[in-house]
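A.B. asks:
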RNA sequence: GGCCCCGUCGUCUAGCGGUUAGGAUCCAUGGUUUUCAUCCAUGUUACAGGAGUUCAAUUCUCCUCGGGGUCACCA
């Protein structure tokens, strides 16, 4: 069974890059009928892991991603790590090192001055003498001094590292006994049965170290997939400066979960020429072997296009539900179908849609100057009055076509073009140019409001 | 700087020795629409550079250049 994981360190919130690796891991597990588990890497106890975990869960919930089983917290597994540290010590695969931080820093500086590789000198690797007083030792693992470490990566292929280039006896437990990252990751992944590790490219250089731990503990290696980074428009690693990196900010900006997911799955992964993927299709078609080798640049144009695509294809009832996050309650509006139908083709985001809704249902308090200048000239007041009168005396006015007929009558009777009544009427109703069809707008706001807005406009611009 | 990864339109990408180098987005133009948007059609734009290998390289190899990642008692 395929078991994948998402293992964030609790730095606050879930961002777009993390979400994408989570999505990839999730999809691959689902595709194989496997499990997708969540592990919080909170060995740094200064941070509040629960808060960060909640933030991640909240984002997952919004997007419809679910992890399997219980959440694993590294902070609660100290005894497990201690056990393996002891084991390695007993087996002579790890040892206590009494070199202090200060000495280490000095060593590094000397090496840098001599333009050598900076690495631990292995002083205590096979040490028999008396150990210094007053120094709490760290635990180092015995790494191979030479030879090759090969990372068999499912995305990049085999990557060969020379042990002497990259490895020294790295620390697996700090002076206070707390285990370090590369050690606990390997143990947790192994113990949790994770056999397919999908993670960011930036972990590639950690992998040889983790392989050393796997081998020392005689654990079976998982399959690794290192996913290239997402860069900002400058080609640099995505950071907080690049706009809203908190996934939940995308909700506020008016993106639908389907849009964001679809956008992210196509960043670094593809399936031929297909652009639109439902969650079902993603689960069906996703395969990490089709992940791109190169980094991709994050760009909102495509996200916007996807978002407008999904808005167009979302049922009105669902749209109304989405819009409640902008304090728009449309459930009782009798013309909400017409309203939503008119707007779903012209909104790029839900937020934009919400403001378009308000522009229609709220009486305009402001008239765009240019629009007024353009539309209110000649005998327009006469035309508007004629139309207003027709509306007043009409009996049944419900559908857009009812209003359309009245407009048609005015056009016929006054021998004018449609534009002659359309433009001023539009400005009277909305206070500006552009927007949905006039007959629809009037149907939506109703007879009384239609009359009122025309009257308002006439009074103000007579 | 050492080590590692990467390099096809501006962007996301297809391509897996022989293609008019395809799609999407963006942009532009035209059409539809009483307006705007949608929609439809058309168009501009790419194999980083240089050596090889080969009858033939975007595709394989090497070098250069460019970009990125990583080098902690952080994760």
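Numbering (this note's numbering), first residue to last: 5 to 466.
Glycine included, every Cβ here is placed at the ideal spot set by N, Cα and C.
Mind checking residue 42: buried by the 16 CB within 10 Å criterion, or exposed?
C.D. replies: The residue you call residue 42 lines up with position 38 of the first chain. The residue is buried, with at least 16 neighbouring Cβ atoms inside 10 Å.
A.B. asks: Could you compute how far the alpha carbon of residue 259 sits from the alpha carbon of residue 307?
C.D. replies: Start at 1 with the first residue of the first chain, and residue 259 comes out as number 255. Start at 1 with the first residue of the first chain, and residue 307 comes out as number 303. Cα to Cα, residue 259 sits roughly 8 Å from residue 307.
A.B. asks: Could you check the C-alpha separation between residue 441 and residue 265 for me, to the nearest Å?
C.D. replies: Indexing the first chain from 1 puts residue 441 at position 437. Indexing the first chain from 1 puts residue 265 at position 261. Going from the Cα of residue 441 to the Cα of residue 265 covers about 33 Å.
A.B. asks: Identify the continuous alpha helix (DSSP H) that holds residue 376 and give its terminal residues.
C.D. replies: As a position in the first chain, residue 376 is number 372, starting the count at 1. That run of the alpha helix (DSSP H) goes 373-379.
A.B. asks: Can you find the residues in the same chain that come closer than 8 Å, C-beta to C-beta, to residue 405, ignoring five residues on each side of it along the sequence?
C.D. replies: On the first chain, residue 405 is found 401 positions in, with the first residue counted as 1. Excluding positions up to five away in sequence, the list reads 443.
A.B. asks: Leaving out five residues before and five after residue 352 in sequence, what residues of the same chain have Cβ atoms less than 7 Å from its Cβ?
C.D. replies: To locate residue 352, count along the first chain from 1; it is residue 348. Here the set comprises 308, 311 and 312.
A.B. asks: Can you tell which of 414, 399 and 389 has the C-alpha that lies nearest to the C-alpha of residue 456?
C.D. replies: Taking the first residue of the first chain as position 1, residue 456 is located at position 452. That would be 389, whose Cα lies nearest to the Cα of residue 456.
A.B. asks: Pick helix, strand or coil for residue 40, following the three-state DSSP scheme.
C.D. replies: Locating residue 40 in the first chain gives position 36, where the first residue counts as 1. Residue 40 falls in the strand class under three-state DSSP.
A.B. asks: From the DSSP output, in three-state form, read off residue 461 for me.
C.D. replies: Counted from its first residue, the first chain places residue 461 at position 457. Looking at residue 461 - three-state DSSP - the assignment turns out to be helix.
A.B. asks: Can you tell which of 30, 100, 98 and 48 has the C-alpha that lies nearest to the C-alpha of residue 68?
C.D. replies: In the first chain, counting from the first residue as 1, residue 68 sits at position 64. Nearest option by C-alpha distance: 30.
A.B. asks: Does the Cβ of residue 117 have 16 or more other Cβ atoms within 10 Å, making it buried, or fewer, making it exposed?
C.D. replies: The residue given as residue 117 occupies position 113 in the first chain. Burial call: exposed.
A.B. asks: Based on the DSSP output, what are the partners of residue 152 in its beta bridges?
C.D. replies: Within the first chain, residue 152 is the residue found at index 148, counting from 1. DSSP, once it has assigned bridges, lists 166 as partnering residue 152.
A.B. asks: Looking only at C-alpha atoms, which of 262, 292 and 293 sits nearest to residue 279?
C.D. replies: As a first step, residue 279 must be located in the first chain, where it is residue number 275. The residue with the shortest Cα to Cα distance from residue 279 is 262.
A.B. asks: Buried or exposed for residue 142, going by 16 or more other Cβ atoms inside 10 Å?
C.D. replies: Translated into the one-based positions of the first chain, residue 142 becomes position 138. By the 10 Å Cβ count, residue 142 comes out buried.
A.B. asks: Run through the DSSP bridge pairs and tell me what residue 98 is partnered with.
C.D. replies: Looking up residue 98 in the first chain gives position 94. 145.
A.B. asks: Tell me which residues share the same chain as residue 371 and place their Cβ nearer than 6 Å to its Cβ, disregarding the 5 neighbours each side in the sequence.
C.D. replies: In the first chain, counting from the first residue as 1, residue 371 sits at position 367. Closer than 6 Å at the Cβ level, and outside the excluded window around residue 371, lie 435.
A.B. asks: May I have a chain-ordered list of the alpha helix (DSSP H) segments no shorter than 4 residues that lie completely inside the segment 46-124?
C.D. replies: Complete alpha helix (DSSP H) runs here, min 4: 53-67, 82-94 and 105-117.
A.B. asks: Here's a check: name, in chain order, each residue in its chain whose Cβ is nearer than 8 Å to the Cβ of residue 221, leaving out the five neighbours to either side.
C.D. replies: In the first chain, the residue the question calls residue 221 occupies position 217. Only 88, 91, 92, 190, 191 and 194 meet the Cβ criterion.
A.B. asks: State the DSSP-derived secondary structure class of residue 280, mapped to helix, strand or coil.
C.D. replies: Residue mapping note: residue 280 aligns to position 276 of the first chain, counting from 1. Residue 280 falls in the coil class under three-state DSSP.
A.B. asks: Could you check the C-alpha separation between residue 203 and residue 197 for me, to the nearest Å?
C.D. replies: Position 199 of the first chain holds residue 203. Position 193 of the first chain holds residue 197. Roughly 16 Å between the two C-alpha positions.
A.B. asks: Secondary structure at residue 258, three-state DSSP: helix, strand or coil?
C.D. replies: Here the question's residue 258 lines up with position 254 in the first chain. Of the three classes helix, strand and coil, the one that applies to residue 258 here is coil, per DSSP.
A.B. asks: Considering only residues of the same chain and omitting the five flanking positions on each side of residue 187, which have a CB-CB separation below 6 Å?
C.D. replies: The residue labelled residue 187 in the question sits at position 183 within the first chain. The answer, listed in chain order, is 176 and 217.
A.B. asks: State buried or exposed for residue 232, treating a residue as buried only when at least 16 other CB atoms are found within 10 Å of its CB.
C.D. replies: Taking the first chain and counting its residues from 1, the one referred to as residue 232 is at position 228. By the 10 Å Cβ count, residue 232 comes out buried.
A.B. asks: In chain order, what residues of the same chain have a beta carbon less than 7 Å from the beta carbon of residue 341, not counting five sequence neighbours either side?
C.D. replies: Counting from 1 along the first chain, the entry for residue 341 is found at position 337. Once the five neighbours on either side are set aside, the close Cβ partners of residue 341 are 320.
A.B. asks: So what's residue 409 in DSSP terms, helix, strand or just coil?
C.D. replies: Position 405 of the first chain, counted from the start, is the residue given in the question as residue 409. In the structure shown, residue 409 sits in a helix (DSSP, three-state: H, G or I).
A.B. asks: By Cβ distance below 7 Å, which residues in the same chain neighbour residue 45 in space, the five residues on each side in sequence not counted?
C.D. replies: As a first step, residue 45 is located in the first chain; it is residue number 41 there, counting from the start. Cβ neighbours of residue 45 beyond the five flanking positions: 11, 12, 13 and 78.
A.B. asks: Which of the three DSSP states is assigned to residue 299 in this structure?
C.D. replies: Residue 299 sits at position 295 when you count from the first residue of the first chain. Here residue 299 sits in coil by DSSP.
A.B. asks: Spatial neighbours of residue 354 within its chain, please: C-beta separation below 6 Å, excluding the five flanking residues on both sides.
C.D. replies: For the purposes of this step, residue 354 is taken as the residue at position 350 of the first chain. Result list for residue 354: 258 and 326, in chain order.
A.B. asks: Could you say which of 160, 126, 402 and 134 lies nearest to residue 144 if we only look at CA atoms?
C.D. replies: As a position in the first chain, residue 144 is number 140, starting the count at 1. When only C-alpha atoms are compared, the closest one is 126.
A.B. asks: Can you check which of these residues, 333, 361 and 268, is closest to residue 346 by C-alpha distance?
C.D. replies: On the first chain, residue 346 is found 342 positions in, with the first residue counted as 1. Checking every option, the nearest Cα to that of residue 346 belongs to 361.
A.B. asks: Assuming residue 146 contacts residue 99 (C-beta within less than 8 Å), just tell me the rounded distance between them.
C.D. replies: The residue labelled residue 146 in the question sits at position 142 within the first chain. The residue labelled residue 99 in the question sits at position 95 within the first chain. The pair is a contact, with the Cβ atoms about 7 Å apart (cut-off 8 Å).
A.B. asks: Can you give me the C-alpha to C-alpha distance between residue 317 and residue 454, rounded to a whole angstrom?
C.D. replies: For the purposes of this step, residue 317 is identified with residue 313 of the first chain, where counting begins at 1. For the purposes of this step, residue 454 is identified with residue 450 of the first chain, where counting begins at 1. Using only the alpha carbons, I get a separation of about 30 Å.
A.B. asks: In three-state terms, what does DSSP make of residue 250?
C.D. replies: Counting from one through the first chain, the residue named residue 250 turns up at place 246. Looking at residue 250 - three-state DSSP - the assignment turns out to be strand.
A.B. asks: Helix, strand or coil: which one does DSSP assign to residue 139?
C.D. replies: As a working note, residue 139 is residue 135 in the first chain. Here residue 139 sits in coil by DSSP.
A.B. asks: Does the beta-carbon of residue 34 have 16 or more other beta-carbons within 10 angstroms, so that it is buried, or is it exposed?
C.D. replies: Against the first chain, residue 34 aligns to sequence position 30. It is buried - the Cβ of residue 34 has at least 16 other Cβ atoms within 10 Å.
A.B. asks: Put residue 191 into one of helix, strand or coil per three-state DSSP.
C.D. replies: Position 187 of the first chain, counted from the start, is the residue given in the question as residue 191. Reduced to three states, the DSSP call for residue 191 is helix.
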